[in-house]
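Report on the following structure.
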Amino acid sequence: MKLQEYINLDSDQRLKEFLATLSITNRTPDYYVNWEKVSRETKKFELELNTMNYLIGKEDMYQEALGLFTKQPDLLKVVPSLIASREKILDVLIIDEEDNMAFDQLNFSKIDLDRIKEYVDFMDHSGLLSFLQKEANRSLVDYVYGVEAGLDSNARKNRSGTTMEGIIERSVAKVSRVYNLDFKAQATAAFIKERWNIEVPVDKSERRFDLAVYCPKKHKVWLIETNYYGGGGSKLKAVAGEFTELNQFIRTSADDVDFVWITDGQGWKTAHLPLAEAFGHIPYIFNLEMLKQDYLFSLFQ
């Protein structure tokens, strides 16, 4: 189906076409691990980790660790990485042998020289000293590299949206080269006014559009927001409502401005009603399949 055919459908038919062509995934190969970040985070403590290799396999691990960290307390800064924690200041619940509870806090970004034994106790109780004594049999740099790869997987949810932004930006760049358009990622209303002299009414002053595309010949701007939802949830309803309202704001501009929402993911099949309302107000809602069908080329020509 071509763009004009799609636009000419009523909102219910457009919604039906949209839902019928949702993608299974937007996960490109680089979605899974950001190796550049993993390498960067590991190299921060490469020297310290190599020094701590000294502890691997030591028989009297507690005393060896206490001696090492007393002499070189800054080595303790690597402990959060060794236990797969992004937090550097750790709040800890201590339960003694009589089940008495107490709360403590250990700062691994600024080592308290008067509390070295407490840091080592934490390493002992967390199982880290046992790991160093019995399980670690290779470089701690390699071990942390693996830990960082695992921690990076926690960022995949956020990468889904970033992946969509990258896909859309590449598509827009391709069209812009053909039609001699200008575009800006993360564009604000103030930037658009200053750069292209077009007024964009917004619902919140800090609003940044994922992409803004400008056609000099028409003195026209398209504002693009994009996201991807592989699963359901209340977020989908909120986003549909937000963009419906945003479209209404944008339409009040005295200049030629259109709102384009590019979204995808099987999650939308669980949010039929809020999406149907959005389709009743926003004419340009596309998914990745529609990008494959060159909808942007037709829209921007």
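For what it's worth, my numbering labels the leading residue of the sequence shown as 7, then goes sequentially.
Ideal Cβ placement from N, Cα and C applies to all residues, glycine included.
Span of the beta strand (DSSP E), counted from its first residue to its last, around residue i
{"i": "residue 216", "result": "214-221"}
{"i": "residue 231", "result": "226-234"}
Beta-carbon proximity check, residue i vs residue j, cutoff 8 Å
{"i": "residue 206", "j": "residue 256", "result": "yes"}
{"i": "residue 112", "j": "residue 135", "result": "no"}
{"i": "residue 250", "j": "residue 174", "result": "no"}
{"i": "residue 61", "j": "residue 67", "result": "yes"}
{"i": "residue 225", "j": "residue 262", "result": "yes"}
{"i": "residue 158", "j": "residue 43", "result": "yes"}
{"i": "residue 123", "j": "residue 72", "result": "yes"}
{"i": "residue 9", "j": "residue 305", "result": "yes"}
{"i": "residue 195", "j": "residue 39", "result": "no"}
{"i": "residue 265", "j": "residue 242", "result": "no"}
{"i": "residue 297", "j": "residue 246", "result": "no"}
{"i": "residue 218", "j": "residue 208", "result": "no"}
{"i": "residue 77", "j": "residue 70", "result": "no"}
{"i": "residue 308", "j": "residue 138", "result": "The question about residue 308 has no answer, for the chain in this structure spans 7 to 307."}
{"i": "residue 302", "j": "residue 181", "result": "yes"}
{"i": "residue 214", "j": "residue 192", "result": "yes"}
Contacts around residue i, its chain only, beta-carbon distance under 7 Å, and the 5 residues preceding and following it disregarded
{"i": "residue 270", "result": "28, 29, 32, 234, 293 and 294"}
{"i": "residue 289", "result": "13"}
{"i": "residue 285", "result": "17, 20, 21 and 291"}
{"i": "residue 82", "result": "75, 114, 117 and 125"}
{"i": "residue 55", "result": "84, 146, 147 and 150"}
{"i": "residue 25", "result": "274 and 275"}
{"i": "residue 237", "result": "273"}
{"i": "residue 128", "result": "98 and 112"}
Cutoff 6 Å; reference residue i; Cβ partners in own chain excluding five residues on either side
{"i": "residue 110", "result": "98 and 100"}
{"i": "residue 190", "result": "218"}
Per-residue burial, residue i [other beta carbons within 10 Å of its own, 16 or more giving buried]
{"i": "residue 220", "result": "buried"}
{"i": "residue 216", "result": "buried"}
{"i": "residue 253", "result": "buried"}
{"i": "residue 186", "result": "exposed"}
{"i": "residue 34", "result": "exposed"}
{"i": "residue 90", "result": "exposed"}
{"i": "residue 277", "result": "buried"}
{"i": "residue 142", "result": "buried"}
{"i": "residue 41", "result": "exposed"}
{"i": "residue 107", "result": "exposed"}
{"i": "residue 177", "result": "buried"}
{"i": "residue 53", "result": "exposed"}
{"i": "residue 58", "result": "buried"}
{"i": "residue 170", "result": "buried"}
{"i": "residue 48", "result": "buried"}
{"i": "residue 88", "result": "buried"}
Extent of the continuous alpha helix (DSSP H) run through residue i
{"i": "residue 202", "result": "195-202"}
{"i": "residue 150", "result": "146-158"}
{"i": "residue 49", "result": "41-49"}
{"i": "residue 306", "result": "301-306"}
{"i": "residue 54", "result": "52-58"}
{"i": "residue 78", "result": "Counting along the chain, residue 78 falls outside any alpha helix (DSSP H), and DSSP gives it neither H nor E."}
Nonlocal neighbours in the same chain, by C-beta distance under 8 Å from residue i, ignoring five residues either side
{"i": "residue 93", "result": "86"}
{"i": "residue 199", "result": "205 and 206"}
{"i": "residue 258", "result": "207"}
{"i": "residue 179", "result": "189"}
{"i": "residue 260", "result": "205"}
Residue-level contact to chain B via CB, residue i, 8 Å cutoff
{"i": "residue 92", "result": "Structure shown: chain B not included; a single protein chain is present."}
Every unbroken beta strand (DSSP E) inside the stretch 83-132 [3 residues or more]: For the stretch 83-132, the full-length beta strand (DSSP E) segments reaching 3 residues or more read 95-101 and 107-113 along the chain.
Which runs of the alpha helix (DSSP H) fall wholly inside the stretch 13-39 and span at least 4 residues, in chain order? 17-26
Let me know the alpha helix (DSSP H) ranges lying completely inside the stretch 251-295, each 4 residues or longer, listed in chain order. Restricted to the stretch 251-295, the alpha helix (DSSP H) segments that are unbroken, complete and at least 4 residues in length are 278-285, listed in chain order.
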